[in-house]
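This report concerns only the one structure given below.
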Amino acid sequence: MYQRWVLHIDMDAFFASVEQLTRPTLRGRPVLVGGTSGRGVVAGASYEARRFGAHSAMPMHQARALVGFSAITVQPRIGLYRVASRRVFDLVARNVGTIEQISVDEAFLEPIGLRGATPDDVATWANNLRTQIRQETGLPSSIGAGPGKQSAKIASSMAKPNGLYIIPKDQEADILGPLPVRKLWGVGPVSEIKLQRMGVKTIADLANLPQTEVEASLGKTVGLGLWHRARGIDTAPVEPRAEAKSVGAEYTYPHDLTTRPEVDAAIDRAFEAALRRLRTDGRGARTVNVKLKLADFHTLTRAQSFPYAIDDPAILRNATNLLVRYPHEVGPIRLVGVSFSNLDHPSQEMLFPDLHPATPTTAPTHSVDWEAGVRGNNPPDEDATNPAANLITTDGWYPTQDVTHPDHGHGWIQGIGHGKLTVRFETRTTPRGHTCTFATTNPDLQPADPLTSLDWDDWLAEHQ
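Just so we're aligned, residue 1415 is where the sequence shown starts under the numbering used here, counting upward by one.
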């Protein structure tokens, strides 16, 4: 039997790495990507920031407290990350054919050419791929290799940052066995507590349990799956992922929404963003979901389902309106989201869908908060040391926004205050840029497309 090799590639600190790539001033500095309104969450942290203990999904105020005054916070540029991801994984696909991309920054590979290969062969192949990615995109990556998805995923975490780690089949038990059992996919907080009560702390502890005890404690489906992976039995294929099961949008606000008009405006914003994604997907939705996170962090999720998939905006909006709750009913609201799920191709049989609404349901959900804005970067320039608290200022600008100037080119807003903007002009291919200060009403300063900061004009022209 030949040695099976599954590889897991993970782009290192991807969001922060793209920011550092396109904004040379940020290179080598602790970058936090996310919102800083006091309730935002870290979407990405550079390794310079991680050294202080900051990490993704951490409250931004906590991350900034850990990093200190050197922390630089930037607003996420999701469209930019998606384009960078597409270029990376287009390159990967050219090398390997079929890939299973599981997020914007990671994927599984199973190259046919590595069947039966030695660990040295795998190392050469993987390092060549990492070098190609770095040369073509400027972004660092880590790769883990093992006899299955589980071991490859764990290996890539051991390879970070910017490295390679290989787990041969004959060393799998020795390498994975001493690791905490929570490293296994499917071991969440509840499962971990159950396992600890059974005396299971490591992957080897779980592998050594009798099958009957695993089934009795964790169930035949989940329990046996974990047990098999702990024992190195992992035959899950590498294959393209299925179509998305849902699309949506949600926004966290810097101040609690306390009035009906504020909530209506937030619903408008989330609904329109979700609808755009539904149209891009090309399918209809059988279920409409409205998510509200309250000031006390309690999450209220309400859903309405139809017998058939719907793509009519008026019908979807009507369902959304029926699900909304307002501050006088539930208290102040900090996050508003709208999503469409149970996606399918629309049916013409549903002539009168409003006559068939399902009873709205309420259930708690758990997800990472996202916020649209940041306060600023504490720049040294005296004219920009009082950044605005909200995403959009009265003059239409916000900190870290991409801008362009006819004389200076492409740049980004480093700070806002006292009716002025401090802009640093730089892109991926420039040295660390110079700064200039402008009045917020300066007509020469205009908003710019973030993709310009990549300086990938030829590639973008070919792939857009």
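The beta carbon of each residue, even a glycine, is placed where N, CA and C say it ideally should be.
Sequence-distant residues of its chain with Cβ nearer than 7 Å to residue i (five each side left out)
i, result
"alanine 1688", "Val1661, Gly1662, Ala1663, Val1752, Ser1753, Phe1754"
"glutamate 1796", "Only weak support is given to the placement of glutamate 1796: the predicted model assigns it a pLDDT of 29, under 50, and the value that follows is read from those uncertain coordinates. Same-chain partners within the cutoff: there are none."
"proline 1444", "Ser1460, Glu1462, Ala1463, Phe1466, Val1481, Ser1484, Ala1485, Ile1486"
"aspartate 1869", "Thr1841, Arg1842, Thr1843"
"isoleucine 1547", "Val1502, Leu1505, Leu1553, Ser1555"
"tryptophan 1811", "Ile1827, Ile1830, Leu1835, Thr1854"
Assumed close pair residue i, residue j - CB separation to whole angstroms, cut-off 8 Å
i, j, result
"proline 1741", "threonine 1673", "7 Å"
"proline 1554", "proline 1845", "The Cβ separation is near 20 Å, so there is no contact."
"tyrosine 1416", "arginine 1529", "5 Å"
"glycine 1629", "leucine 1638", "One point to set straight first is that residue 1629 is glutamate, not glycine, in the sequence displayed. Going by Cβ atoms, the distance from glutamate 1629 to leucine 1638 rounds to 6 Å, so yes, they are a contact pair."
"threonine 1545", "alanine 1498", "Actually they do not touch by this definition, with Cβ atoms about 17 Å apart."
"isoleucine 1617", "alanine 1644", "5 Å"
Top-ranked residue by Cα proximity to residue i, from the options
i, options, result
"glycine 1696", "Pro1861, Ile1724, Pro1675", "Ile1724"
"histidine 1832", "Leu1708, Ala1853, Pro1603", "Ala1853"
"valine 1652", "Gln1515, Leu1505, Thr1814", "Gln1515"
"alanine 1463", "Ile1492, Leu1494, Phe1429", "Phe1429"
"alanine 1684", "Arg1655, Gly1639, Val1738, Gly1493", "Val1738"
"alanine 1559", "Thr1545, Gly1552, Gln1546, Thr1532", "Thr1532"
"arginine 1716", "Thr1734, Asp1872, Val1636", "Thr1734"
"valine 1750", "Ile1681, His1824, Val1614", "Ile1681"
"alanine 1420", "Ala1537, Ala1566, Leu1671, Gly1454", "Checking the sequence, you will find valine at residue 1420 rather than alanine. Of Ala1537, Ala1566, Leu1671, Gly1454, the residue nearest in Cα terms is Ala1566."
"isoleucine 1830", "Thr1849, Asp1821, Leu1730", "Thr1849"
"glycine 1454", "Ala1477, Arg1596, Leu1609, Lys1563", "Ala1477"
"arginine 1731", "Leu1714, Ile1568, Ile1747, Arg1690", "Arg1690"
"tyrosine 1665", "Leu1708, Lys1659, Trp1641", "Leu1708"
"phenylalanine 1711", "Ala1679, Ile1747, Pro1444", "Ile1747"
"glutamate 1686", "Val1704, Leu1671, His1669", "Val1704"
"aspartate 1821", "Trp1811, Arg1838, Ala1427, Thr1814", "Arg1838"
"arginine 1655", "Val1502, Phe1522, Gly1847", "Phe1522"
"glycine 1847", "Ile1827, Ser1517, Leu1859", "Ile1827"
"histidine 1877", "Ile1607, Val1502, Arg1611, Trp1811", "Val1502"
"asparagine 1576", "Ala1540, Gln1585, Ser1605", "Ala1540"
"valine 1518", "Arg1548, Ala1427, Ala1650, Thr1635", "Ala1427"
"isoleucine 1883", "Asp1584, Tyr1667, Val1677", "Since the displayed the chain opens at 1415 and closes at 1878, residue 1883 lies outside it and no answer follows."
"valine 1636", "Gly1527, Glu1524, Ser1605, Asp1535", "Ser1605"
Neighbourhood of residue i by C-beta distance below 6 Å, restricted to the same chain and skipping five residues each side
i, result
"asparagine 1509", "Leu1543"
"alanine 1457", "Phe1429, Val1447, Gly1448, Pro1490"
"threonine 1866", "His1824"
"tyrosine 1579", "Gly1558, Ala1569, Met1572, Ala1573"
"valine 1488", "Glu1433, Val1447, Thr1814"
"alanine 1777", "Low per-residue confidence applies at alanine 1777: pLDDT is 39, beneath 50, and the placement is therefore not dependable enough to give any value."
"proline 1864", "Arg1491, Leu1494, Asp1816"
"histidine 1469", "Ala1459"
"glycine 1511", "none"
"aspartate 1872", "none"
"proline 1525", "Val1510"
Residue j beta carbon less than 9 Å from that of residue i
i, j, result
"proline 1561", "arginine 1418", "yes"
"proline 1861", "valine 1817", "yes"
"isoleucine 1394", "aspartate 1424", "In the structure as shown, the chain starts at 1415 and stops at 1878, and residue 1394 therefore has no counterpart that could be examined."
"methionine 1472", "alanine 1485", "no"
"valine 1702", "glutamine 1718", "yes"
"leucine 1446", "valine 1481", "yes"
"arginine 1842", "leucine 1435", "yes"
"leucine 1692", "glycine 1698", "yes"
"leucine 1598", "glutamine 1625", "no"
"aspartate 1619", "leucine 1609", "yes"
"leucine 1835", "leucine 1859", "yes"
"leucine 1640", "glycine 1600", "yes"
"alanine 1650", "alanine 1621", "no"
"leucine 1757", "lysine 1615", "no"
Close beta carbons around residue i, own chain, < 8 Å, minus the five adjacent residues each side
i, result
"valine 1520", "Checking the displayed sequence, the identity of residue 1520 turns out to be glutamate instead of valine. Correct list, in chain order: His1422, Ile1423, Asp1424, Met1425, Ser1570."
"isoleucine 1568", "Gly1558, Gly1560, Ile1581, Leu1590, Leu1593, Lys1597"
Per DSSP, the bridge partner or partners of residue i
i, result
"serine 1753", "Gly1662, Asn1703"
"proline 1473", "Val1455"
"histidine 1819", "Gly1823"
"serine 1556", "Asp1424"
"glutamate 1514", "Phe1522"
"histidine 1848", "Phe1839"
"leucine 1692", "DSSP lists no partner for leucine 1692."
"proline 1594", "Thr1616"
"serine 1719", "Thr1701"
"tyrosine 1579", "Gly1558"
"isoleucine 1724", "Ala1699"
"alanine 1853", "Lys1834"
Check: residue i C-beta below 8 Å from any heavy atom of the ligand ZN
i, result
"valine 1518", "Only the bare structure without any ligand can be found here, which leaves the ligand ZN out of the picture."
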